[in-house]
Amino acid sequence: MSRNLLSERATYVVGIGLHPYQRRSATTYVTLGLTAARQALADAGIAWTDVDAAYTGTALLGMGASRIMLSRLGSTGIPMTQVENASASGSSAVAQACLDVASGRSDVVLALGVDKPRGGLGAAPGSAGIENLEGGTVVPFTHFALLASEYMTAHGITAEQVARVALKNHRNGANNPNAQRQKQRTLDEILSEPISGSMTRLQCCPVGEGSAAVIVASGDAIDRLGLDRSRAVRILSSTTRTERLYGPGEGIDAALTAETAALAFDQASIAPTDIDVLEVHDAFSIEELLYTEALGLCQPGEAASLVESGAFDLGGRCAVSPSGGLLAMGHPIGPTGTGQVAEITRQLRGEAGIRQQPHARTGLAHMVGIGAVCVVHVLQKQ
Amino acid sequence: MLLGQRCQDCGRVAFPPDPYGCEQCGATPDRLASVDLAARGRIRAVATVHRHHHPEPATPFTVATVVLDDGPMLKAVLVANADDRAVGATVRGMTVPVSGRLDRPDDDSTDDSTDGDRVDLRFEIVPEGDAATPPSVGTPPAAGMTS
Chain A
75 MSRNLLSERA TYVVGIGLHP YQRRSATTYV TLGLTAARQA LADAGIAWTD VDAAYTGTAL
135 LGMGASRIML SRLGSTGIPM TQVENASASG SSAVAQACLD VASGRSDVVL ALGVDKPRGG
195 LGAAPGSAGI ENLEGGTVVP FTHFALLASE YMTAHGITAE QVARVALKNH RNGANNPNAQ
255 RQKQRTLDEI LSEPISGSMT RLQCCPVGEG SAAVIVASGD AIDRLGLDRS RAVRILSSTT
315 RTERLYGPGE GIDAALTAET AALAFDQASI APTDIDVLEV HDAFSIEELL YTEALGLCQP
375 GEAASLVESG AFDLGGRCAV SPSGGLLAMG HPIGPTGTGQ VAEITRQLRG EAGIRQQPHA
435 RTGLAHMVGI GAVCVVHVLQ KQ
Chain B
8 MLLGQRCQDC GRVAFPPDPY GCEQCGATPD RLASVDLAAR GRIRAVATVH RHHHPEPATP
68 FTVATVVLDD GPMLKAVLVA NADDRAVGAT VRGMTVPVSG RLDRPDDDST DDSTDGDRVD
128 LRFEIVPEGD AATPPSVGTP PAAGMTS
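Residue numbers (the working numbering), protein chains in the order written: chain A, 75 to 456; chain B, 8 to 154.
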């Protein structure tokens, strides 16, 4: 049983704001978060006192991050809750905001992603008391290097073809002032500095700090507050699933993505081919190939040649990772999912400037997180 | 041999052994029976690691995704480095002496100076035509065994 409240009460993104993603610095998370939140309020054209609730997506800050930060916008007493879902924390904060508004409990909700990296990620599965054979020898980049090996072997794809994902995403990131990596790279640069298997340094995302805010509102609030309806982007569906058991060759993260996306497409009443602009969890270059296929944009084994042909470039049939994705914009954990929704909103508004996907009407944001979880949002300009 | 588990309710064979319950049907731990799994299977994927946060294993080392003949899929370090041409090859588990502390949460040794008196379970590629050779592991190790 899964009821789509978003089809019952129209729910929109009305404001977005970001603090640029960057390497760890002396900037406090309070400054990071407030920068994004204030920008989002200004973008929406609303006051903090118009906001009914706030969800903070964060995985690394520790407990109680919201109020000490957001009270500096005024201690309005609204409900505030931290949302942790590993890499998908920000996406889950957006999901909670959608639920709040679509259910009618709130009219205007802030979903704010904010994080600062610490020594390690401190992931709970590592302390679950389940010992496996590989111990610490398989960290995320090797997990995905193994999936790259499997993909290349199954489909006769070369390491250079996989690396072209990073070539595209670094090119997109070079045009994004909020990206941690803003440098266009050559294929030779991307193929240098091996890390694990065919994964090189520039095919692995940087984990830095930053913040991204999204303000979610009902149609009633748009009318009541006199907001600009032409800049509002409707959220058609918000779906979350967790991993089931999959057999060898089913590709855990890809199978989970396919299930979560199928539900999202069904609830949004759209087809994968309707997607004009897509932000995927490209923490490692191979992931973009696996997920564009799992999302149904193309057949298994086709994504690499589509990247090569420019079909996923800005101006192509579907712009994938126009922000630069996790590979170039960066992956500060908590903000990543809210940042994706901010980018899709910017694209669907037609406000993305030199990295604008022409005629973008429908977009999708996709994150996966350790554990494993998957969160998908489908947005559309009405 | 590897120590695995078979669920007496749904029949799922799992590796590594799990103290909490069956991931397929939710059976409680008392329904999970220990089962020996042949330390033998086929390589699905390989990755040679060039950067590692721990001195052991020394880089570069190759990790493989292995589908055991008995069903479960696992990841393990290969005895000798290999590339994608090894995909599809038959492998068998073997214990190898290692130096220093292992990169495992259950290795709480503080003595990094010992050399050669500790072992780890790794996999080696079985040469073609040698498929009938039994696994070279003498004693059934649990996951993460140290000596």
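In this text, a Cβ means the ideal position worked out from N, Cα and C, and glycines have one as well.
In this text, all values refer to a predicted model and were calculated from it rather than measured experimentally.
Proximity below 7 Å, CB of residue i to CB of residue j
| i | j | result |
| --- | --- | --- |
| Gly148(A) | Ala118(A) | no |
| Phe215(A) | Met273(A) | yes |
| His355(A) | Val449(A) | no |
| Thr66(B) | Lys82(B) | no |
| Ala439(A) | Glu353(A) | yes |
| Thr412(A) | Ala185(A) | yes |
| Gly384(A) | Asn243(A) | no |
| Leu92(A) | Ala286(A) | yes |
| Val307(A) | Leu453(A) | yes |
| Ile264(A) | Cys278(A) | no |
| Ala160(A) | Ile444(A) | yes |
| Thr313(A) | Val447(A) | no |
| Gly404(A) | Tyr95(A) | yes |
| Gly424(A) | Val351(A) | no |
| Arg99(B) | Arg47(B) | yes |
| Ala402(A) | Arg255(A) | yes |
| Asp16(B) | Leu44(B) | no |
| Val168(A) | Ser292(A) | no |
| Arg83(A) | Leu108(A) | no |
| Thr410(A) | Gly164(A) | yes |
| Ala79(B) | Val126(B) | This sequence places Pro at residue 79(B); Ala is not what is there. No, they are not a contact pair. |
| Ala121(A) | Pro153(A) | no |
| Gly210(A) | Gly408(A) | no |
Span separating the alpha-carbon of residue i from that of residue j
| i | j | result |
| --- | --- | --- |
| Leu85(B) | Pro104(B) | 13 Å |
| Arg192(A) | Leu134(A) | 7 Å |
| Ala54(B) | Gly95(B) | 14 Å |
| Pro148(B) | Thr102(B) | With a pLDDT of 41 at Pro148(B), under the threshold of 50, the modelled position of this residue cannot be trusted; read the value that follows with caution. Their backbone Cα atoms lie some 9 Å apart in a straight line. |
| Val236(A) | Leu220(A) | 13 Å |
| Ser143(B) | Ala198(A) | For Ser143(B), the predicted model reports a pLDDT of 45, less than 50, meaning its position is unreliable; a value from the coordinates is still stated below. Those two C-alpha atoms are separated by around 35 Å. |
| Ser154(B) | His59(B) | Any reading at Ser154(B) must be qualified, since the residue scores a pLDDT of 29, below 50, and its modelled position is unreliable; the value itself is stated next. The straight-line gap from Cα to Cα measures roughly 23 Å. |
| Gly390(A) | Val415(A) | 20 Å |
| Ser120(B) | Val157(A) | Any reading at Ser120(B) needs caution, since the residue's pLDDT is 49, under 50, leaving its predicted position unreliable; the model's value is listed next. If I take the Cα positions, the gap works out to 44 Å. |
| Pro432(A) | Asp387(A) | 11 Å |
| Phe52(B) | Leu369(A) | Checking the sequence shown, residue 52(B) turns out to be Ala, not Phe. About 23 Å. |
| Gly282(A) | Leu261(A) | 24 Å |
| Asn88(B) | Ala377(A) | 29 Å |
| Ala93(B) | Lys190(A) | 40 Å |
| Asn206(A) | Ala338(A) | 34 Å |
| Pro26(B) | Ala34(B) | 11 Å |
| Cys32(B) | Arg318(A) | 11 Å |
| Cys14(B) | Thr150(A) | 54 Å |
| Glu131(B) | Ser395(A) | 40 Å |
| Leu310(A) | Ala342(A) | 5 Å |
Per-residue DSSP class, three states only, for residue i
| i | result |
| --- | --- |
| His440(A) | strand |
| Val212(A) | coil |
| Ile344(A) | coil |
| Arg38(B) | helix |
| Thr102(B) | strand |
| Val126(B) | strand |
| Asn219(A) | The displayed chain sequence assigns Ala, not Asn, to residue 219(A). Looking at Ala219(A) - three-state DSSP - the assignment turns out to be helix. |
| Ala21(B) | strand |
| His229(A) | helix |
| Ser235(A) | The question names Ser, but residue 235(A) is Gln in the sequence shown. DSSP places Gln235(A) in helix when its eight states are reduced to three. |
| Glu480(A) | Any answer about residue 480(A) is impossible in this case: the structure gives chain A only from 75 up to 456. |
| Asp297(A) | helix |
| Ala198(A) | helix |
Range covered by the beta strand (DSSP E) that runs through residue i
| i | result |
| --- | --- |
| Tyr129(A) | Ala127 to Gly131 |
| Pro94(A) | Thr85 to Gln96 |
| Ile289(A) | Glu283 to Ser292 |
| Glu313(A) | According to the sequence shown, residue 313(A) is Thr rather than Glu. Counting along the chain, the beta strand (DSSP E) containing Thr313(A) begins and ends at Val307 to Thr316. |
| Ser304(A) | Neither: Ser304(A) is in no beta strand (DSSP E) and is coded neither H nor E. |
| Ala160(A) | Per DSSP, Ala160(A) belongs to no beta strand (DSSP E) and is neither H nor E. |
| Arg13(B) | Leu9 to Cys14 |
| Leu81(B) | Met80 to Val84 |
Boundaries (first-last residue) of the alpha helix (DSSP H) holding residue i
| i | result |
| --- | --- |
| Arg420(A) | Gly408 to Arg423 |
| Ile50(B) | First-last for Ile50(B): Arg47 to Val56, but that is the beta strand (DSSP E), not the alpha helix (DSSP H). |
| Arg92(B) | Arg92(B) -> no alpha helix (DSSP H), and no H or E assigned at all. |
| Val104(A) | Tyr103 to Ala118 |
| Ala139(A) | Ala139 to Leu144 |
Going residue by residue through the region 240 to 273 of chain A, where are the continuous alpha helix (DSSP H) segments of at least 4 residues, counting only ones entirely within it? Unbroken alpha helix (DSSP H) stretches of 4 residues or longer found wholly inside the region 240 to 273 of chain A: 261 to 265, given in chain order.
Which parts of the region 322 to 405 of chain A are runs of the beta strand (DSSP E), unbroken and 3 residues or longer, counting only runs that do not cross its ends? If we require 3 residues or more, the beta strand (DSSP E) runs fully inside the region 322 to 405 of chain A come out as 351 to 353.
Tell me the start and end of each unbroken beta strand (DSSP E) in the region 162 to 190 of chain A that is at least 3 residues and wholly inside, in chain order. Taking 3 residues as the shortest admissible run, the region 162 to 190 of chain A contains the following complete beta strand (DSSP E) segments, listed from N- to C-terminal end: 182 to 189.
Selection of the region 18 to 44 of chain B by Cβ proximity to chain C, strictly under 7 Å: Looking at the structure shown, chain C is missing, and the protein chains on hand are A and B.
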